[in-house]
Structures are given as structure tokens and as C-alpha cells.
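J.:
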Amino acid sequence: MSDQVLIFDTTLRDGEQCPGASMNLREKMEVARQLARLNVDIIEAGFPVISDGDFHAVQQIATEVRGPIIAGLARCTAKDIDAAAAAVKPAGDRGRVHVFLATSKIHREHKLKKAHDEILRLAVEGVKRARGLVRDVEFSPEDASRTEPEFLAQITQAAIEVGATTINIPDTVGFAVPDQFAALVEYLFANVKNIADAVVSVHCHNDLGLAVANSLAAVRAGARQVEGTVNGIGERAGNAALEEVVMALRTRPEVFGNVTTGVNSREIVKSSRLISRMSGLLVPRSKAIVGENAFAHSSGIHQDGMLKNRSTYEIMDPHDVGWGETELPLTKHSGRHAMVKRLEHLGYALSAEETEHFFRRFKEVGDRKKFVYDDDLAALIEDISLGAPETYELEYFHVTSGTTTVPTATVRLRRNPATTGAAPDAEAEIFQDSAPGNGAVDAAMKAIDRILGRQGHLTEYHVQAVTGGKDALGEVTLKVDFGDGKLITGKGASTDVIEASARAYLHAVGRVLSLPAKPPAGEEVNTP
Ligand code: KIV
Ligand code: ZN
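Note that numbering that gives the first Met the number 0 numbers the sequence shown so that position 439 is 438, with each residue one more than the last.
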């Protein structure tokens with residue numbers, strides 16, 4: 000059995016299914032490039048049949064991202080499988096089709112309304128069809144952990160017989176516990192005759208907070224591929240956090256039979272931050288490996304021990320996961336070249352036009368703030384809407400607020416001619432309006448609503464300081480529902496939190512205008 004555990008990242012598929020975490024093409028490309036630098040083995044880039052936007056994202060990732068295998072998800076239908084194979088085609092031999100079909104009694108009876116033999120037939124047909132199109136086929140019996148083990152073994156064996164190269168065992172609803180899940184994997188090794196012809200993978204959800212523990216137990220039982228997401232993002236309570244799986248295997252090799260992964264762990268923190276920014280899902284401070292406090296020691300006893308010998312209270316070297324990589328901060332005197340170099344280091348590739356735009360914003364912030372750190376740059380990059388065409392730019396705002404006055408805001412916006420189809424040299428349209436609110440932030444957003452003629456309902460609002468210091472940038476992350484029930488994330492940063500809020504709101508507006516359209520009525524796809 001191989002001593003390498005393959006790391007399968009599904010941040011762009013299962014992770015993106017998290018409400019409010021939708022990313023546009025530009026954001027997905029940034030994430031995929033960073034996952035390649037992290038050196039995961041497989042990137043599940045999306046579910047191509049679900050929409051044109053998903054198809055193009057998978058196709059573009061398959062075209063441009065070198066290194067990892069690029070996978071596209073498909074149900075066991077000809078339409079899904081053909082779409083997934085076509086989308087991953089540009090990756091050549093690195094293209095994988097991931098076919099799934101629910102196998103548990105609950106799903107068979109209530110969701111699919113199909114008997115065992117029908118499910119078996121569909122799985123075999125699906126895997127065969129995929130194998131006719133690509134060499135690398137993964138089969139997932141959805142809800143495997145609640146499937147009768149005998150049927151799971153039967154369908155697994157049949158899928159391998161017709162060409163599945165990876166068999167993935169999903170704990171779809173996070174129901175498993177470690178001993179039982181490991182026993183299920185052992186059962187498959189003992190009862191599936193051709194199991195050695197495929198890689199055994201696991202895919203754990205975190206509903207009971209056990210996704211990482213279950214994945215690690217499965218590795219001990221022989222699984223050699225682990226699926227998960229960076230920061231553990233995903234539907235409901237999320238997926239297994241890959242950074243935790245990777246660092247557990249690396250920190251406790253004696254427990255896991257000295258298996259290794261190919262992950263470049265020094266890219267972990269950078270990946271975590273990028274994905275948090277792109278998905279709008281904040282990382283809790285106390286989150287293992289990537290939370291702000293993961294390596295902070297505040298109690299006197301701990302600090303004393305650390306000063307004497309770091310190993311007293313530290314089981315991993317923070318540098319190994321990419322903490323403390325920040326180099327000299329930039330200042331308002333730094334040039335364009337230095338700024339571009341730092342952005343490249345952070346994983347952002349800007350066009351010439353975007354560089355000019357960003358450089359102006361960088362100088363503006365540099366004038367208000369002594370040092371511009373890596374985290375400031377990353378916050379500002381979202382602020383200038385790199386992920387979406389910037390339809391409206393904030394030209395000016397003014398607020399009056401206080402304990403004895405009705406807070407009122409005046410906002411002036413500039414509409415970018417390039418996003419309205421007008422000639423690039425056409426004069427930009429300027430809009431201005433004012434509105435009262437129950438606070439300065441509320442008033443600023445209401446003024447924007449009046450200009451845009453649409454009403455956003457704010458469902459989440461967070462503000463946090465990007466770095467320490469009184470002149471720190473405030474970064475606002477918010478989620479807005481523009482009336483269709485879809486949550487759109489916006490981010491904005493400024494040394495002034497009202498300005499940051501207005502920018503975040505405009506960022507959400509830009510994103511809602513750039514997100515791919517929903518599938519036509521009747522074509523809704525139920526994602527697993
Ligand atoms: O959770 C699940 O079962 C899935 C499958 C598609 C692998 O995401
Ligand atoms: Zn899943």
C-alpha cells in the first residue's frame with residue numbers, strides 16, 4: 000500500500016456550496032492557482048452541468064492551472080458526465096470525472112425512489128460512460144456511511160470492475176464516528192475483491208465536529224485519499240479542514256504509519272487567508288493551524304515555558320504552516336514594482352490596468368497609514384473589487400452623526416463606462432443622493448440604495464481591524480440579500496469604517512451584477 004495520502008481539495012465545489020460563499024470566475028481562478036501552489040493532488044473545480052458559469056470555471060481552471068489533477072463533479076447521468084468530461088478536457092491526462100450516486104436506504108427510498116438493482120445498474124453505466132471519456136474516474140456512493148455495508152461492497156466492486164480508479168466513501172451528513180468509520184473502510188478492504196485496483200478515498204462532513212477525526216481514522220484503516228476544504232468551509236457545518244488533516248499526519252507520523260502528503264505546508268496560512276477573503280467566511284480566532292490564536296501563548300506559565308524551550312507548549316513550528324512570513328511592510332514611498340512583487344507573493348496576478356488602479360488605492364491608504372502590511376494589501380484587493388467588474392465606484396461620501404442628530408449620509412458614485420457597454424473613453428456618469436438612517440453606516444447604505452434603485456437587506460455585518468495599531472485598516476465583511484434570497488458577500492477596507500462599509504456594500508453590488516445567472520426554471524440541480 001502506498002505511503003502517500005493524496006489530498007483532494009473541494010473548496011471550489013463543496014466549499015462553494017456554503018451560503019454566501021459563491022465566487023465569480025476571477026475569484027475561483029485566484030483560489031485554484033493558490034491551491035496549485037499549496038500543491039494539493041486534486042482540485043475539484045466545480046460541478047460543470049450546474050450552470051454555464053460553473054462549466055466555464057472548471058474549463059478555465061483545467062486550461063490554466065498546472066500541477067494538480069482537475070476534477071469535475073457529475074451525477075450518474077449522461078448529461079452530467081459528458082459536461083464534466085468536456086470541462087476537464089483541457090487538463091488532458093490530469094482530467095478526472097467524479098461520478099456520484101446515493102446508495103443509502105434513506106436516499107434510495109426517499110430521494111431517488113429506486114431499488115438496489117436499479118442503483119447498481121445506474122452506477123455501472125455512469126462509471127462506464129465516464130471511463131469511455133477520461134482515464135481517471137472517481138465514484139462516490141453518496142451517504143456511504145449510512146449504506147448497508149454489503150451493498151456498499153457490492154456497488155464498489157462493480158464500479159471498480161468497469162473502470163473506477165478511485166472509490167470515495169462519503170460521510171455525507173457527518174453521521175459517522177471514528178471507530179465505526181474506520182471499521183467500514185476495513186470492511187471494504189476485506190470484502191471488495193478488486194479493491195487494490197483503486198485508491199480508497201474518504202469525504203467527511205463536520206455535522207458532529209468529527210470530519211477531521213473520521214478522515215484520520217480512515218487513513219489508519221488504509222484510505223489513501225482524503226477530501227476536504229481549506230478552513231473546513233462547506234455546506235452546513237462544513238467539510239474536513241485539509242490543513243488540520245495534513246498537519247496531523249505530519250506531526251504524528253508514528254500514529255499514521257509514517258504516511259506523507261505532497262502539500263507544501265508553508266502555503267497553508269496564505270491559502271487560508273485567500274479563501275477566507277474570497278468566500279467571505281471568516282476564520283475563527285481559535286481555529287486550529289490557521290486561526291489568529293493558534294500559536295499565541297497568553298498565560299504567564301505558557302510564556303515562561305516557551306521562553307525556556309518552545310517545545311514545552313508548541314507541537315508544530317508556526318513557520319512550517321506559513322505564519323511569520325510577512326516581510327518588510329510597504330509604505331507610501333514604496334514603488335509600483337515593490338507593490339506588484341508583494342502582490343505576486345500573496346498570489347494575486349493583476350493586469351496592467353488593475354495594477355494602475357490598485358496603485359492609486361495603495362497610495363491613498365499609504366497616506367493615511369504608516370505601514371502597509373501584507374494583510375492590508377490582501378484586504379484592499381477585495382476592496383477594489385478585483386473579483387468583479389467594478390460597476391460603481393465610491394467618489395465621495397459625507398456623514399453627519401452624533402447623539403442628538405439624525406444620522407444622514409450623502410454619497411456620490413461614479414458608474415464605470417466599461418461595465419455599461421459604453422466606449423471606454425466615454426464620460427463616466429455621476430450619481431449622488433442622501434438618506435437618513437439609524438446610524439451612519441445604515442444611512443450610507445440607504446443613500447446607495449436610493450441611487451441604485453434597489454434595496455439590499457443586510458443579513459450579516461462584521462468589522463475587524465486588519466492589523467494592530469490605531470491607524471489600522473478596518474475591514475468590513477457583509478452579506479446582502481438583494482431580494483432573491485441569495486446571499487452576496489461584499490468586502491471593503493479603509494482606515495474609516497463607514498467608508499469601508501460603503502465600499503463593502505458596493506462590492507456586493509458589483510458581485511451580484513457579475514455572478515452567473517441561475518439555471519433556467521426546471522433545471523435546478525440539487526447539489527449533494
Ligand atoms: O458529501 C457528499 O456526499 C459529496 C459527494 C458528491 C462526494 O459531496
Ligand atoms: Zn460533500
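Virtual Cβ for every residue (Gly too), placed ideally from N, Cα, C.
Going by Cα to Cα distance, which pick from E428, A77, S1 is closest to Q224?
T.: Position 225 of the sequence shown, counted from the start, is the residue given in the question as residue 224. That would be S1, whose Cα lies nearest to the Cα of Q224.
J.: What are the uninterrupted segments assigned as alpha helix (DSSP H) that are 4 or more residues long and contained completely in the region 229-305, given in chain order?
T.: Fully enclosed alpha helix (DSSP H) runs of 4 or longer: 241-250, 267-278.
J.: With DSSP as the reference, label P435 as helix, strand or coil.
T.: Position 436 of the sequence shown holds residue 435. If DSSP states are grouped into helix, strand and coil, P435 belongs with the strands.
J.: Going by DSSP, which residues form a beta bridge with I487?
T.: By 1-based counting over the sequence shown, the position of residue 487 is 488. Answer is V479.
J.: Could you pull the start and end residues of the alpha helix (DSSP H) that I154 belongs to?
T.: Your numbering for residue 154 matches position 155 in the sequence shown. Here the alpha helix (DSSP H) through I154 covers 148-160.
J.: Using a Cβ-Cβ cutoff of less than 8 Å, which residues in the same chain neighbour N257 once the five nearest sequence positions on both sides are dropped?
T.: The residue you call residue 257 lines up with position 258 of the sequence shown. Once the five neighbours on either side are set aside, the close Cβ partners of N257 are D2.
J.: On the CB-based measure, 16 or more other CB atoms within 10 Å of its CB, does K78 come out buried or exposed?
T.: For the purposes of this step, residue 78 is taken as residue 79 along the sequence shown, with counting starting at 1. With fewer than 16 Cβ atoms within 10 Å of its Cβ, K78 is classed as exposed.
J.: Below 8 Å on the Cβ atoms is my contact criterion, and I expect I60 with F7 to pass it. Report the Cβ-Cβ distance as a whole number of Å.
T.: Here residue 60 is taken as the residue at index 61 of the sequence shown, counted from 1. Here residue 7 is taken as the residue at index 8 of the sequence shown, counted from 1. Going by Cβ atoms, the distance from I60 to F7 rounds to 15 Å, so no, they are not a contact pair.
J.: Closer than 7 Å: is that where the CB of D206 sits relative to any heavy atom of ligand 2?
T.: Sequence index remark: in the sequence shown, residue 206 carries index 207 (1-based). No, the beta carbon of D206 sits no closer than 7 Å to any heavy atom of ligand 2.
J.: How long is the line joining the alpha carbons of L529 and I267, rounded to whole angstroms?
T.: Past the boundaries of the shown model lies residue 529; the chain is included only from 0 to 527, so the question cannot be answered.
J.: Cα-Cα, which of G66, E124, K27 is closest to K74?
T.: On the sequence shown, residue 74 is found 75 positions in, with the first residue counted as 1. This sequence places Arg at residue 74; Lys is not what is there. Nearest C-alpha to R74: E124.
J.: Hey, how far is the Cα of G386 from the Cα of L376?
T.: Residue numbering aside, residue 386 sits at position 387 when the sequence shown is read from its first letter. Residue numbering aside, residue 376 sits at position 377 when the sequence shown is read from its first letter. With a pLDDT of 49 at G386, under the threshold of 50, the modelled position of this residue cannot be trusted; read the value that follows with caution. Distance between the alpha carbons of G386 and L376: 14 Å.
J.: Kindly indicate which three-state DSSP category S200 falls into: helix, strand or coil?
T.: Here residue 200 refers to the residue found at position 201 of the sequence shown. Reduced to three states, the DSSP call for S200 is strand.
J.: For V533, I'd like the list of residues in its chain whose CB is within less than 7 Å of its CB, leaving aside the five on either flank, ordered along the chain.
T.: Examination of residue 533 is not possible in this model, given that the chain is present from 0 through 527 alone.
J.: Does ligand 1 have even one heavy atom less than 7 Å from the beta-carbon of S139?
T.: Locating residue 139 in the sequence shown gives position 140, where the first residue counts as 1. Result yes, Cβ under 7 Å from ligand 1.
J.: Let me check understanding here. Comparing Cα to Cα, which of A84, R12, L111, T250 lies closest to G227?
T.: Residue 227 sits at position 228 when you count from the first residue of the sequence shown. Cα-wise, what sits closest to G227 is R12.
J.: For H109, verify whether its CB is less than 7 Å away from any heavy atom of ligand 1.
T.: Position 110 of the sequence shown holds residue 109. No; taking the cut-off as 7 Å, the Cβ of H109 has no heavy atom of ligand 1 nearer than that.
J.: Report, in whole angstroms, the separation of the C-beta atoms of L151 and T102, which I expect to be a contact under 8 Å.
T.: Here the question's residue 151 lines up with position 152 in the sequence shown. Here the question's residue 102 lines up with position 103 in the sequence shown. At roughly 6 Å, the Cβ-Cβ gap stays under 8 Å, so L151 and T102 are in contact.
J.: Starting from P169, follow the alpha helix (DSSP H) in both directions and report where the run begins and ends.
T.: To locate residue 169, count along the sequence shown from 1; it is residue 170. Premise fails: P169 lies in the beta strand (DSSP E), 165-170, not in any alpha helix (DSSP H).
J.: Does DSSP put Y504 in a helix, in a strand, or in coil?
T.: As a position in the sequence shown, residue 504 is number 505, starting the count at 1. Correct three-state label for Y504: helix.
J.: Go ahead and label L306 buried or exposed: buried means 16 or more other beta carbons lie within 10 angstroms of its beta carbon, across all protein chains shown.
T.: What you label residue 306 is simply residue 307 of the sequence shown in a count that begins at 1. Label assigned to L306: exposed.
J.: Taking 7 Å as the cut-off, is the C-beta of P169 nearer than that to any heavy atom in ligand 4?
T.: In the structure shown, ligand 4 is absent; the only ligands present are ligand 1 and ligand 2.
J.: Determine the closest residue to Y312 out of L412, D303, S493, with distance taken between C-alpha atoms.
T.: Along the sequence shown, read from residue 1 onward, the residue named residue 312 stands at position 313. Cα-wise, what sits closest to Y312 is D303.
J.: I'd like to confirm something about N238: is its beta-carbon nearer than 7 Å to some heavy atom of ligand 2, or not?
T.: The residue labelled residue 238 in the question sits at position 239 within the sequence shown. Yes; taking the cut-off as 7 Å, the Cβ of N238 has a heavy atom of ligand 2 nearer than that.
J.: Since E185 and V211 are thought to touch, with beta carbons under 8 Å apart, how far apart are those beta carbons, to the nearest angstrom?
T.: Here residue 185 corresponds to residue number 186 of the sequence shown, with the count starting at 1. Here residue 211 corresponds to residue number 212 of the sequence shown, with the count starting at 1. With a Cβ gap of about 19 Å, E185 and V211 do not count as contacting.
J.: Pick helix, strand or coil for T354, following the three-state DSSP scheme.
T.: To locate residue 354, count along the sequence shown from 1; it is residue 355. Three-state result, T354: helix.
J.: With a Cβ-Cβ cutoff of 8 Å, do R249 and S264 count as a contact?
T.: Position 250 of the sequence shown, counting from 1, holds the residue named residue 249. Position 265 of the sequence shown, counting from 1, holds the residue named residue 264. Going by C-beta atoms, R249 is nearer than 8 Å to S264.
J.: Cβ of V87 within 8 Å of Cβ of V57?
T.: One-based indexing of the sequence shown puts residue 87 at position 88. One-based indexing of the sequence shown puts residue 57 at position 58. Result yes, Cβ atoms of V87 and V57 sit closer than 8 Å.
J.: Return the residue from the list T399, P18, R284 that minimises the CA-CA distance to T409.
T.: Counting from one through the sequence shown, the residue named residue 409 turns up at place 410. Checked all of T399, P18, R284; the closest Cα to T409 is T399.
J.: Does at least one heavy atom of ligand 1 sit under 7 Å from the Cβ of L209?
T.: Mapped onto the sequence shown, residue 209 falls at position 210. Because no heavy atom of ligand 1 lies under 7 Å away, the Cβ of L209 does not count as near it: no.
J.: With distances taken from CA atoms, which of L100, L119, D116 is nearest K110?
T.: Translated into positions along the sequence shown, residue 110 becomes position 111. K110 has its Cα closest to that of L100, out of L100, L119, D116.
J.: Could you tell me the distance, in whole angstroms, from the CA atom of R219 to the CA atom of A181?
T.: Taking the first residue of the sequence shown as 1, we reach residue 219 at position 220. Taking the first residue of the sequence shown as 1, we reach residue 181 at position 182. Those two C-alpha atoms are separated by around 7 Å.
J.: Can you give me the C-alpha to C-alpha distance between C17 and L273, rounded to a whole angstrom?
T.: Sequence index remark: in the sequence shown, residue 17 carries index 18 (1-based). Sequence index remark: in the sequence shown, residue 273 carries index 274 (1-based). Going by the C-alpha atoms only, they are around 16 Å apart.
J.: From A236 to F174, what does the alpha carbon distance come to, in whole angstroms?
T.: Position 237 of the sequence shown, counted from the first residue, corresponds to residue 236. Position 175 of the sequence shown, counted from the first residue, corresponds to residue 174. Looking at the two C-alpha atoms, the distance is approximately 12 Å.
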